[in-house]
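The opening residue of the sequence shown carries number 1 in UniProt numbering; numbering runs sequentially from there.
All C-beta atoms, glycine included, are put in the ideal place defined by N, C-alpha and C.
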Amino acid sequence: MINNKPRDTQIIPISAETTVIRSRTWDRLKFEIEYALQKGTTANSFIIKAHKTAVIDLPGESFTEIFLKALTQRFSVSEIDYVICGHINPNRAVTLKALLEIAPDVTIICSNPGAISLRKILPDQALNIQVVKGGDTLDLGQGHNLEFILTPSPRWSDQMCTYDPKTQILYTGKLFGAHVCGDQIFDEGWQVYRDDRRYYFDCLMAPHANQVETALEKLANKSAKLYATGHGPLVRYGLTELTGLYKTWVEQQQNQQNRVALIYASAYGNTAIVAQAIARGITKAGVAVDSINCEFTDPEEIKTAVTQSAGFIMGSPTLGGHAPTQVQTALGLVISTADKQQLAGVFGSYGWSGEAIDLLEGKLRDAGYRFGFDPIRVKFKPTDTIIKYCEEVGTDFAQLVKRRQKQKKPKASVSESQSARTEQAVGRIVGSLSVVTTRKGELSNAMLASWVSQASFSPPGLTIAVAKERAIADLMHRGDKFVLNILQEGKQLRKHFMKNFAPGEDRFVGLETETAENGCPILKQALAYLECRVNDRMECGDHWLVYAVVDSGKVLDNEGITAVHHRKTGIYY
Numbered sequence: 001m002i003n004n005k006p007r008d009t010q011i012i013p014i015s016a017e018t019t020v021i022r023s024r025t026w027d028r029l030k031f032e033i034e035y036a037l038q039k040g041t042t043a044n045s046f047i048i049k050a051h052k053t054a055v056i057d058l059p060g061e062s063f064t065e066i067f068l069k070a071l072t073q074r075f076s077v078s079e080i081d082y083v084i085c086g087h088i089n090p091n092r093a094v095t096l097k098a099l100l101e102i103a104p105d106v107t108i109i110c111s112n113p114g115a116i117s118l119r120k121i122l123p124d125q126a127l128n129i130q131v132v133k134g135g136d137t138l139d140l141g142q143g144h145n146l147e148f149i150l151t152p153s154p155r156w157s158d159q160m161c162t163y164d165p166k167t168q169i170l171y172t173g174k175l176f177g178a179h180v181c182g183d184q185i186f187d188e189g190w191q192v193y194r195d196d197r198r199y200y201f202d203c204l205m206a207p208h209a210n211q212v213e214t215a216l217e218k219l220a221n222k223s224a225k226l227y228a229t230g231h232g233p234l235v236r237y238g239l240t241e242l243t244g245l246y247k248t249w250v251e252q253q254q255n256q257q258n259r260v261a262l263i264y265a266s267a268y269g270n271t272a273i274v275a276q277a278i279a280r281g282i283t284k285a286g287v288a289v290d291s292i293n294c295e296f297t298d299p300e301e302i303k304t305a306v307t308q309s310a311g312f313i314m315g316s317p318t319l320g321g322h323a324p325t326q327v328q329t330a331l332g333l334v335i336s337t338a339d340k341q342q343l344a345g346v347f348g349s350y351g352w353s354g355e356a357i358d359l360l361e362g363k364l365r366d367a368g369y370r371f372g373f374d375p376i377r378v379k380f381k382p383t384d385t386i387i388k389y390c391e392e393v394g395t396d397f398a399q400l401v402k403r404r405q406k407q408k409k410p411k412a413s414v415s416e417s418q419s420a421r422t423e424q425a426v427g428r429i430v431g432s433l434s435v436v437t438t439r440k441g442e443l444s445n446a447m448l449a450s451w452v453s454q455a456s457f458s459p460p461g462l463t464i465a466v467a468k469e470r471a472i473a474d475l476m477h478r479g480d481k482f483v484l485n486i487l488q489e490g491k492q493l494r495k496h497f498m499k500n501f502a503p504g505e506d507r508f509v510g511l512e513t514e515t516a517e518n519g520c521p522i523l524k525q526a527l528a529y530l531e532c533r534v535n536d537r538m539e540c541g542d543h544w545l546v547y548a549v550v551d552s553g554k555v556l557d558n559e560g561i562t563a564v565h566h567r568k569t570g571i572y573y
């Protein structure tokens, strides 16, 4: 639980004839990786009431009741002419179905993939659908001549943005959002939300960097003064800066040396959640992902992605004991295209059986591919623990890809170059050895750290450098808590945490621990411990620099000596 407050709505005019209904929850809505910061969320819907009335973007079923109550209190349902669906999924379809029960004559505006999805989700519902293409317009009167911009991605093939030239509001849907909940309508003090928007980007946008770049190019032609996002505060004050950050983050993904093709289909969204978690782990490790939903992708695009990648991963749901036809077609393309030296992986979700996963594994093994991880089988909806496991699997897969690619390169000369001398000098920086331990809900983690330094006297504070690919990095955002266990001389604890843990492996098996007041594990064999909370963090190349305030601490062995880490090079730990 994030907060005991009930779910509610805010109804605020934001421009001429334009109102936002923000459906809010302080709880985490569901098990998906982009909600992992657990700051709640808002689902933003917009109503333009001109000569005709349009509702833009419906919330999911978690908000159906409170949204319709707010809508009908403020607006006459009989006057609603259009519902513009920038994205369709089963959750939003629940709200749409409920709205159609009280406003059956509404016209639904969506893209062609959106219409296909909607008819599958609501096969028995009478639907008045108007399919639009990029550049099509809809005149609501009073100057509100809406323009539609198609911005599809592998996960959201139906995605569509809407631009109102009168108000210069760009309704961005999934783009530029953040999962945070609060009273703030707009992004005053926008930098406060930077980490939240970056995390949202890393989880949802990074695996689709090429498509996001295309979307940004399309949206750049609109003179927007406000991004009406699907989630979080509306973007007004940091619009220029956030657009620039998106371009920078996209470029970072595109410039990665190694790539992985992630090819999947998803019947009910569960396989897509697993794909998203794996992709998140891969991108954290500094490897780019070409995420491909084979249900909506041209065969040549699949072949190109596989050819340009150092590895590939395939995922599928099981429907009626089989893999979807599109997955079987993609499998044939992969086997005929991929080099046998490429690393492979398989995952999938199912309800009662998992034959599709067996099919993918069997065909790829028979074709002679080496697997980077054991096939992932997820029954029903993934839990937090499964999502974190999949993320760690993705990171391990990416690291293995990088090692294999590195081995293919010619060895560099061992000459005493300036670069080598610099690396040796940097390696002479020493630090005390510590173990950072965290716990949040059902998730716990730990890592050995030596890049630790006191940073302030008042309040007492310290900094820790955390590699981006570390699983623990996602548990060390602003407001999170952890314990810094300072080690003493001796190799027992150090040796335990130096090993490579398998994805999902319990880091604390065989160790004596107790729970600190902040809920995180204390290692009883440590020299001392500090209970800390993250105050801020800064991106520093391949690491996050975390600044934390110390709330309390204790020396456990007054006679012990602090363990120190000595290195000979500054290019690895």
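Residue range of the alpha helix (DSSP H) that includes residue i
i           : result
residue 205 : Segment: none, residue 205 is in no alpha helix (DSSP H) and carries neither H nor E.
residue 390 : 384-408
residue 249 : 239-254
residue 299 : 299-307
Burial state of residue i (16 or more Cβ within 10 Å)
i           : result
residue 583 : In the structure displayed, the chain extends from 1 to 573; residue 583 sits before or after that span and is not available.
residue 352 : exposed
residue 298 : exposed
residue 407 : exposed
residue 159 : buried
residue 275 : buried
residue 559 : exposed
residue 154 : buried
residue 366 : exposed
residue 531 : buried
residue 380 : exposed
residue 450 : buried
residue 123 : exposed
residue 205 : buried
residue 44  : buried
Residue of the options minimising C-alpha distance to residue i
i           : options               : result
residue 39  : 67, 5, 14 and 60      : 5
residue 526 : 568, 239, 433 and 547 : 433
residue 104 : 284, 123, 65 and 128  : 128
residue 420 : 570, 479, 22 and 462  : 570
residue 193 : 541, 12 and 536       : 536
residue 574 : 239, 250 and 221      : Coverage of the chain is limited to positions 1 through 573, which leaves residue 574 absent and any answer about it impossible.
residue 256 : 401, 393 and 325      : 401
residue 497 : 446, 521, 531 and 517 : 446
residue 456 : 120, 551 and 253      : 551
residue 263 : 303, 284, 252 and 244 : 303
residue 327 : 266, 428 and 534      : 266
residue 311 : 280, 371, 332 and 112 : 371
residue 540 : 494, 520 and 468      : 468
residue 572 : 564, 542, 561 and 546 : 542
residue 118 : 141, 92 and 222       : 92
residue 486 : 261, 529 and 341      : 529
For residue i, the three-state DSSP class (helix, strand or coil)
i           : result
residue 324 : coil
residue 498 : helix
residue 222 : coil
residue 107 : strand
residue 515 : strand
residue 197 : helix
residue 417 : coil
residue 289 : strand
residue 461 : strand
residue 46  : strand
residue 573 : coil
residue 258 : coil
residue 535 : strand
residue 473 : helix
residue 136 : coil
Residue i - partner residues in DSSP beta bridges
i           : result
residue 13  : 19
residue 186 : 234
residue 445 : 438
residue 485 : 435 and 529
residue 314 : 263 and 346
residue 467 : 543
residue 24  : 8 and 42
residue 553 : 530
residue 173 : 229
For residue i, the first and last residue of its enclosing beta strand (DSSP E)
i           : result
residue 90  : Counting along the chain, residue 90 falls outside any beta strand (DSSP E), though it belongs to the alpha helix (DSSP H) covering 90-102.
residue 148 : 145-150
residue 379 : 376-379
residue 453 : 452-456
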